[in-house]
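Going line by line, the protein sequences match chains A and B. Count the first sequence with this note's numbering and you get residues 1 to 176, in order. Count the second sequence with this note's numbering and you get residues 1001 to 1176, in order. All C-beta atoms, glycine included, are put in the ideal place defined by N, C-alpha and C.
Number of protein chains: 2
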Amino acid sequence: MPDAIPAFKRHSPDQSRNGEILAEMPAYDLIELLFFAYRDFVSDPDRILGEYGFGRAHHRVLHFVSRQPGLTIAELLDILRITKQSLNRVLKELIEKGFIESRTGTADRRQRLLFATPQGHDLALKLAKLQTRRIMRALADAEPAAKEAVSRYLLCLIDPDDREHVKRLVFGPGKT
Amino acid sequence: MPDAIPAFKRHSPDQSRNGEILAEMPAYDLIELLFFAYRDFVSDPDRILGEYGFGRAHHRVLHFVSRQPGLTIAELLDILRITKQSLNRVLKELIEKGFIESRTGTADRRQRLLFATPQGHDLALKLAKLQTRRIMRALADAEPAAKEAVSRYLLCLIDPDDREHVKRLVFGPGKT
DNA sequence: TGAGATATGTCAACAAGGCTGACATAAAAT
DNA sequence: ATTTTATGTCAGCCTTGTTGACATATCTCA
């Protein structure tokens, strides 16, 4: 089949002829790939978590506390987008089992500042490395620019209002 | 701070000095970006699903049935990685409410072939377009090569044994 | 043809991890 | 002094996953 008339060629596959709206063809490939990738990505830690009597909810909490020492309850709730009751159930267990420590805030004594214990950091690191292995394998075959492209893409999937917040959280408060 | 001695510069950030293994620094950025991206991505359909009395589990089933008319129960179970009991609960509701139809297989009459009804296709498409909007927004700013890079990355995050299966499913049985 | 394997359906019970609503306390803010 | 804020907790419910047991129809193969 011959190519389209050059003048009508478009980069974006959805607005073929001169930007006419074509009822936007769904991006099935990216929708489904994200599903499958996430499905396998989050399942890696399951076995190890199970050994401690933890689940994926515990993992998420431990991860962000380990990454952000001194995180408050409110900040954690905002990251996870769950209710404080849901959070408290798993957080309580993580504290009881000695993976997370809760200290009273110094500036504001109403707040609870959360810290991973050494044991907590160990587990968090172990799980992060497990997931990193999968990421590195995926990045191994890719061009060097791929990581940047992927990061930018994932970042832009996030709700615009939250993007700056996530940027600070992920890349550190210092970096642009 | 001056650059490292050129001979010791490496592309891969993890094996700094001459490929020595540095206990692999976790890829926190990609780990967390995937979490946040997925968190927001899957939450888009929630409101609409709620109007029909459906949840995310219903969405996943409807999506894949709509995409793969004639899908069998076994194939669906393999995609979703849940038990038949879990599947049946939501599938039953989708059938009762007229979004999916189950026909007896012709070649093998033990099988059930699943099809979305017109109503089912409508809903699936509506939700896919919603998620596509988010994807297009993320792709809009990116270079044209980004989509390819992202697709390849997500595909390689998937378990290697499943990758060919997913490829066929996502890109169609014909394409390479 | 008859035995066994396979694809599916179903019942019951339970677990993880979400949710809402109500209420309590301590500390900060006004 | 009052109100607001940050957190904790109780109780109950929902969704969506799990296991185990068992039933049925159909296919496969000796």
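Host alpha helix (DSSP H) of residue i (start-end)
i: Arg89 of chain A; result: Lys84 to Glu96
i: Ala57 of chain A; result: Arg56 to Arg67
i: Asp44 of chain A; result: First-last for Asp44 of chain A: undefined, no H or E at that position.
Under the three-state DSSP convention, the category residue i falls into
i: Ile158 of chain A; result: coil
i: Glu32 of chain A; result: helix
i: Thr117 of chain A; result: coil
i: Glu1075 of chain B; result: helix
i: Thr1104 of chain B; result: strand
i: Arg1112 of chain B; result: strand
i: Asn1018 of chain B; result: Unreliable placement is indicated for Asn1018 of chain B, whose pLDDT of 46 sits below 50; no coordinate value is reported for it.
i: Met25 of chain A; result: coil
i: Arg210 of chain A; result: With chain A running from 1 to 176 in the structure shown, residue 210 of chain A is simply not present.
i: Ala1142 of chain B; result: coil
i: Arg163 of chain A; result: helix
i: Arg81 of chain A; result: coil
i: Gly1050 of chain B; result: helix
i: Phe99 of chain A; result: coil
Residue i, buried or exposed, once every other Cβ within 10 Å from all chains shown has been counted against 16
i: Thr1132 of chain B; result: buried
i: Arg134 of chain A; result: buried
i: Gly120 of chain A; result: buried
i: Glu51 of chain A; result: exposed
i: Arg137 of chain A; result: exposed
i: Glu1096 of chain B; result: exposed
i: Leu1157 of chain B; result: buried
i: Glu32 of chain A; result: buried
i: Ser1012 of chain B; result: At Ser1012 of chain B the pLDDT is 45, less than 50, meaning the model places this residue with poor confidence; the figure from the coordinates comes in the next sentence. Answer is exposed; the Cβ neighbour count stays below 16.
i: Pro144 of chain A; result: exposed
i: Pro160 of chain A; result: exposed
i: Pro26 of chain A; result: buried
i: Arg1152 of chain B; result: buried
i: Ala1146 of chain B; result: buried
i: Ala149 of chain A; result: buried
i: Ala1140 of chain B; result: exposed
Residues that residue i contacts on chain A, provided the C-beta gap is smaller than 8 Å
i: Arg1134 of chain B; result: Leu157
i: Arg1089 of chain B; result: Those within 8 Å of Arg1089 of chain B in chain A number zero; the least Cβ separation is about 19 Å.
i: Leu1034 of chain B; result: Ala37, Tyr38, Phe41 and Leu154
i: Leu1125 of chain B; result: Pro26
Contacts around residue i, its chain only, beta-carbon distance under 7 Å, and the 5 residues preceding and following it disregarded
i: His59 of chain A; result: Pro45, Leu49 and Leu127
i: Ala124 of chain A; result: Leu62, His63, Ser66 and Ala116
i: Arg163 of chain A; result: Leu155
i: Gly1055 of chain B; result: Leu1049
i: Asp122 of chain A; result: none
8 Å Cβ shell around residue i - same chain, five flanking residues per side excluded
i: Leu1077 of chain B; result: Thr1083, Lys1084 and Leu1087
i: Ile1100 of chain B; result: Val1061, Leu1062, Val1065, Leu1091, Leu1094, Leu1114, Phe1115, Ala1116, Thr1117 and Gly1120
Neighbour list for residue i in chain A, Cβ cutoff strictly below 9 Å
i: Lys1084 of chain B; result: Ordered by position in chain A, no residue passes the 9 Å Cβ test against Lys1084 of chain B, which lies about 18 Å from the chain.
i: Glu1075 of chain B; result: In chain order: nothing, as chain A lies at least about 14 Å away.
i: Asp1141 of chain B; result: Arg152 and Cys156
Within chain A, the residues that residue i reaches when beta carbons sit closer than 7 Å
i: Glu1024 of chain B; result: Lys129 and Thr132
i: Asp1161 of chain B; result: Within chain A, no residue comes near Asp1161 of chain B; the closest Cβ sits about 10 Å away, beyond 7 Å.
i: Val1166 of chain B; result: Phe36
Neighbourhood of residue i by C-beta, 6 Å cutoff - its chain only, sequence neighbours within 5 removed
i: Leu71 of chain A; result: Val65 and Leu114
i: Asp1108 of chain B; result: none
i: Leu1169 of chain B; result: none
i: Ala1057 of chain B; result: Val1090
i: Gly1105 of chain B; result: Gln1111 and Leu1113
i: Ile73 of chain A; result: Arg112
i: Ile1079 of chain B; result: Phe1064
i: Ser43 of chain A; result: none
Within chain B, the residues that residue i reaches when beta carbons sit closer than 9 Å
i: Ala57 of chain A; result: By Cβ distance, chain B contributes nothing, its closest Cβ being about 13 Å from Ala57 of chain A, past 9 Å.
i: Ala116 of chain A; result: Correct list: empty, because the minimum Cβ distance to chain B is about 14 Å.
i: Arg240 of chain A; result: Outside the displayed range of chain A (1 to 176) lies residue 240 of chain A, so it cannot be described from this structure.
i: Ala107 of chain A; result: Neighbours of Ala107 of chain A on chain B: none; closest Cβ ~26 Å, over 9 Å.
Chain-ordered chain B contacts of residue i [CB-CB under 7 Å]
i: Arg81 of chain A; result: Arg1039
Interface partners of residue i on chain B, CB under 8 Å
i: Phe171 of chain A; result: Asp1029
i: Arg179 of chain A; result: The structure shown does not extend to residue 179 of chain A, since chain A is modelled only from 1 to 176, so the question has no answer here.
Residue i CB to nearest heavy atom of the ligand GDP below 7 Å
i: Leu1114 of chain B; result: Looking at this structure, you won't find the ligand GDP or any other ligand, since it has none at all.
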